[in-house]
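3 is the number of the first residue of the sequence shown in the numbering used here; add one for each residue after it.
Data block below; observations after.
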Amino acid sequence: MKTKLLRVLVVASLLFSGSAFAGDYVWSTYKSGDYVSRRGGTATVVYQPSNFLVSPVGKKIKGVQIQIQDSSQATVSALVCYNGGVSCASLSSAGQISHYFDGNLADKPFSVTYTGTGIGPYPRYILATMVVYYND
3 MKTKLLRVLV VASLLFSGSA FAGDYVWSTY KSGDYVSRRG GTATVVYQPS
53 NFLVSPVGKK IKGVQIQIQD SSQATVSALV CYNGGVSCAS LSSAGQISHY
103 FDGNLADKPF SVTYTGTGIG PYPRYILATM VVYYND
């Protein structure tokens, strides 16, 4: 119940608090349930465009952000790949906006491979939101 409420609050705040850049649109997807079982272990999560007010079809990416819910569990790194691995970049999972994928079409999926980097405790559950900012 708490997770569902948190999800609704995160999505609502992203959709209605304005975007990172004036005039940009945003899509966001929240995922939970995946986990990294050990240090060096991985979990790959696919994020499809959803929760948008303006369709991303034909629009260009202006920024990408990963937000992992804080946890006392082990730390993880995030390797983000655009559209099936066309291009990939290691991104911070602390919410900083990356411009690595700028200019790519905003209606394509992203996959994020989370890797356990901390000493524990494990399993490290992944409760994360992918946010994509886009414009014409």
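The C-beta atom is built at its ideal place from N, Cα and C for all residues, glycine as well.
Bear in mind that the values here come from a model prediction, so they are computed numbers and not experimental data.
- Here the alpha carbons of S30 and F103 stand approximately 15 angstroms from one another.
- Take the alpha-carbon of A91 and the one of V82: they are about 5 angstroms apart.
- Ranked by Cα distance from K64, the first of Y27, G87, V48, S73 is Y27.
- Where G35 is concerned, the enclosing beta strand (DSSP E) starts and stops at 27-38.
- DSSP, reduced to helix, strand and coil, places K62 within a strand of the structure shown.
- Secondary structure within the region 47-131: the beta strand (DSSP E) runs of 3 or more consecutive residues, fully enclosed, are 62-70, 78-84, 89-93, 96-100, 112-118 (chain order).
- Take the alpha-carbon of S89 and the one of G118: they are about 22 angstroms apart.
- The residues K61, in chain order, have a CB closer than 7 angstroms to that of D138 in the same chain once the five nearest residues on each side in sequence are set aside.
- The closest CA to that of L107, considering only P51, S39, A80, is found on P51.
- Using a Cβ distance threshold of 8 angstroms, Q67 and A130 do not count as a contacting pair.
- Just so you know, the alpha carbons of T77 and V59 end up roughly 34 angstroms apart.
- Taking 8 angstroms as the cut-off, the beta carbon of V134 is found no closer than this to the beta carbon of V47.
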